[in-house]
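Please read the structure below before turning to the comments.
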Amino acid sequence: MERRDNNYYDVRAQDVKLEDITSSAHNAKILRMLRDDDLASTEEEEGALYIVDYTFDHGNTIFVKEGDDWGWLGYFVGRNKQIRGLHLYCLPEEEDEVDAFMESLCRNQFIERLDIRRCDIDISSLSPFIFIINSRNLRALELWNVDISLENASNLAMALSRRQHKNLTRFVLSRNNLSSEALAEITAALTGYSSLESFSVSGNVLIGRDGCVSLGAIIRVAALHLEQVFHDDDDLDDEGLQTLVAALTNATTLQLLALSSNRSITAAGLRALSHLFSSAAACPLETLFLEDMNIGDEGAEALVDGLRGNTTLKHLVLTPDSAGITSTGWTAFSRLLCDTSSINNTYSSNHTLEHIGDDYHYVSDPFGGPKLFRSGNYSGGYFPGIPPAVVQYLKINKENYAAKIKIGRCHPDIPVEVFFGYKLKFLPLLVSWFVGFGTRKCSNCQNSTTREFQRRELSAVYKFIRGMPMLAVNGQIQMRLKSSCGRKRKFDE
């Protein structure tokens, strides 16, 4: 392609026949929208543009074929003010065309998300990432299936370090054949990116334990406010997980940790997660992904031991069919959610965990990482493969009064004798415990009716009064005497 400067395009932009520089009427239509700042928004993402080399029906998509002019495409992308997300699923084959496209791209200061996938691109030179250095508004950078050698990692790290506006909130390095050394180069450049919320290194099986050390080091020293860490399908083992957990223990904003498909992790590694579960104030983890892993009964018991007393984890996403958990492991989960051995143990059970299983899917949030949505419905789509004895308590945990409901269902005969020492002081507390609850029905409980809990309320009050009859009678007499004395005093006055 002949070298054209920006003036060449400026002079011809309004008069050029778009059909002459594109391979299809559809591509000409997209170029016209780019030229006229009339880019339509999609449901998934505002101002998204996809540039691909295969059939791809997704909103504003340019299907690049022979006859499409990359120079003009780069020019219109560079000057458009509506693009917020640019998805590059292909790039020109010639290096000078890549450089020209990136040079035009650098003029766009409105792009907030750059997503590069499956591109055979040489980033040993900095030209493809000049945009990363200069963009003021770039908040999400994603590199999927792009080989990143140690040399390329060094240049990417240099680009990240030279950015004046360190405002990335999402950074994805997925399936890039990253080595531990390459990851160390890149993570070291993240110092100062205090807004980074979501970081993924999924599918890089070469990073190993040393990569976990690098990742852990940057988390500890760079004051990152990470909410999501994706370390799935990385051939992580017990030692690597223990290293990662040690770094995440004080990650005070972490909400999601993905470890799926790391099949070398055993019960010993899962037991290390207890440090995250037990430091809820320091690490408020809400969602843990362990899909496609052979957890087994020992792993299940390790998770259960760690989750005792935890008040943050709501979603434990695993694959029931391949998790290797038998009735022994599921019994441990059931006991975690509702220990029926005593009222105190029931009260101290886990009332936070709402979901176990794989009935979840991602819906992408362009900047803060993927959001979680549950598929299925209450008619039976939830919790496939999870025993009913566990499911019943998971559903109760979605209620506002989970502990009360469990006590009411599992302990119909509440022993009030232990409270006799408090005398009548306890009676109002006993009644108030049922108020607002006995007249209410658990939306997820089939057997817990309003009438049933009202009977239990009356039974508890009756047992309390029957156990202390004279105290109740004396209390009633004293109330009447006080009332009569008050009336006499008023009469005397």
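Read in order, the letters of the sequence shown correspond to residues 5 to 497 in my numbering.
Even for Gly, the Cβ is constructed at its ideal location relative to N, Cα and C.
Measuring straight from C-alpha to C-alpha, what distance separates residue i and residue j?
i: SER353; j: ARG312; result: 7 Å
i: GLN246; j: ASN138; result: 38 Å
i: HIS355; j: ARG339; result: 12 Å
i: HIS30; j: ILE66; result: 8 Å
i: SER183; j: LEU160; result: 14 Å
i: ILE120; j: VAL176; result: 10 Å
i: GLU14; j: THR256; result: It should be noted that the sequence gives Asp, not Glu, for residue 14. Computed Cα separation, rounded: 50 Å.
i: VAL249; j: GLU189; result: 21 Å
i: ALA327; j: ILE299; result: 5 Å
i: TYR197; j: LEU230; result: 10 Å
i: LEU194; j: THR173; result: 11 Å
i: GLY442; j: LEU322; result: A caution first: GLY442 carries a pLDDT of 48, below 50, which makes its placement in the model unreliable, though a value can still be read off. Straight-line Cα distance between these residues: approximately 36 Å.
i: VAL68; j: PHE114; result: 23 Å
i: ARG111; j: LEU252; result: 38 Å
i: LEU294; j: ILE211; result: 19 Å
i: SER264; j: PRO392; result: 25 Å
i: ASP24; j: GLU70; result: 12 Å
i: THR330; j: ASN254; result: 34 Å
i: LEU277; j: PRO419; result: 37 Å
i: ARG16; j: LEU43; result: 21 Å
i: ALA286; j: LEU357; result: 18 Å
i: TRP74; j: ILE34; result: 14 Å
i: GLU218; j: PRO388; result: The question names Glu, yet the displayed sequence has Ser at residue 218. Whole-angstrom Cα-Cα distance: 38 Å.
i: ASP417; j: ARG470; result: 15 Å
i: GLU98; j: LEU92; result: 16 Å
i: PRO432; j: ARG413; result: 22 Å
i: ALA464; j: ASP309; result: 34 Å
i: ARG213; j: ILE390; result: 33 Å
i: ILE409; j: ASP301; result: 28 Å
i: TYR58; j: GLN396; result: 47 Å
i: SER28; j: ARG166; result: 40 Å
i: ARG444; j: TYR466; result: With a pLDDT of 48 at ARG444, under the threshold of 50, the predicted position of this residue should be treated as unreliable, and no value is reported.
From this set, the options, which residue's C-alpha is nearest residue i's C-alpha?
i: GLY220; options: GLY196, ALA192, ASN208, VAL209; result: ALA192
i: GLY361; options: LEU230, THR291, THR173; result: THR291
i: THR26; options: LEU35, ASP72, ASP14; result: ASP72
i: ALA32; options: LEU22, LEU38, ARG39; result: LEU22
i: ASP151; options: ILE329, ARG122, THR173, LEU230; result: ARG122
i: PHE135; options: ARG413, ALA163, TRP334; result: ALA163
i: HIS415; options: ILE347, ASP214, PHE293; result: ILE347
i: LEU260; options: SER204, GLN232, ASP236; result: GLN232
i: THR335; options: ASP239, VAL394, ARG8; result: VAL394
i: GLY333; options: THR316, ASP325, TYR351, GLU305; result: GLU305
i: LEU95; options: ALA262, LEU462, VAL56, LEU109; result: VAL56
i: ASN11; options: ARG88, ARG140, TRP74, SER108; result: SER108
i: SER206; options: LEU35, LEU147, ASP237; result: ASP237
i: LEU147; options: ASN156, ARG166, GLN168, ARG179; result: ARG179
i: GLY303; options: THR316, PRO324, SER202; result: PRO324
i: ASN156; options: GLN168, ASN171, PHE133, ARG143; result: PHE133
i: GLN3; options: ARG143, LEU154, ALA186; result: Missing from the structure shown is residue 3; the chain here goes from 5 to 497 and no further.
i: ARG201; options: ARG36, ILE223, ARG470; result: In the sequence as displayed, the identity of residue 201 is Glu instead of Arg. Ranking the options by Cα distance to GLU201, first place goes to ILE223.
i: ASP41; options: SER28, VAL20, ARG83, TRP74; result: ARG83
i: GLU243; options: PHE234, ALA262, ASN266, LEU258; result: ASN266
i: ARG8; options: THR59, ASN349, ASP103, ILE411; result: ASP103
i: GLY411; options: LEU462, ASP301, ASN349; result: The sequence shown places Ile at residue 411, not Gly. Among LEU462, ASP301, ASN349, the Cα nearest to that of ILE411 belongs to ASN349.
i: ASN181; options: ALA262, ASN208, ASN171; result: ASN208
Are residue i and residue j close, meaning C-beta to C-beta below 7 Å?
i: ASP241; j: SER268; result: yes
i: HIS279; j: HIS319; result: no
i: LEU77; j: LEU53; result: no
i: GLN86; j: GLY51; result: yes
i: LEU38; j: PHE105; result: no
i: LEU228; j: LEU274; result: no
i: PHE337; j: ASN314; result: no
i: ASN141; j: GLU101; result: no
i: ALA406; j: TYR351; result: no
i: LEU187; j: GLY215; result: yes
i: SER199; j: PHE234; result: no
i: LEU154; j: GLU185; result: yes
i: THR270; j: PRO288; result: no
I'd like to know whether the C-beta of residue i is nearer than 7 Å to at least one C-beta of chain C.
i: ALA188; result: This model lacks chain C altogether; it includes just one protein chain.
Practice task
Only counting runs of 4 or more residues, tell me where the alpha helix (DSSP H) segments fall wholly within the segment 222 to 263, in order along the chain.
Solution key: Assignment of alpha helix (DSSP H) within the segment 222 to 263, counting only whole runs of 4 or more residues, yields 242 to 252 in chain order.
Practice task
May I ask you to verify whether the segment 341 to 350 touches the segment 387 to 406, counting CB pairs closer than 8 Å and requiring at least 3?
Solution key: Counting C-beta pairs with one atom in each stretch, the segment 341 to 350 and the segment 387 to 406 have three or more that are closer than 8 Å, which means they touch.
Problem - Uninterrupted beta strand (DSSP E) stretches inside the segment 147 to 235 (no shorter than 3 residues) - result: 174 to 178, 202 to 204, 232 to 234
Problem - 4-residue-minimum alpha helix (DSSP H) runs that sit fully inside the segment 54 to 142, ordered along the chain - result: 74 to 83, 99 to 109, 134 to 138
Practice task
Would you list, in sequence order, the uninterrupted alpha helix (DSSP H) runs of no fewer than 4 residues that lie entirely inside the segment 281 to 360?
Solution key: 300 to 311, 331 to 341, 347 to 351
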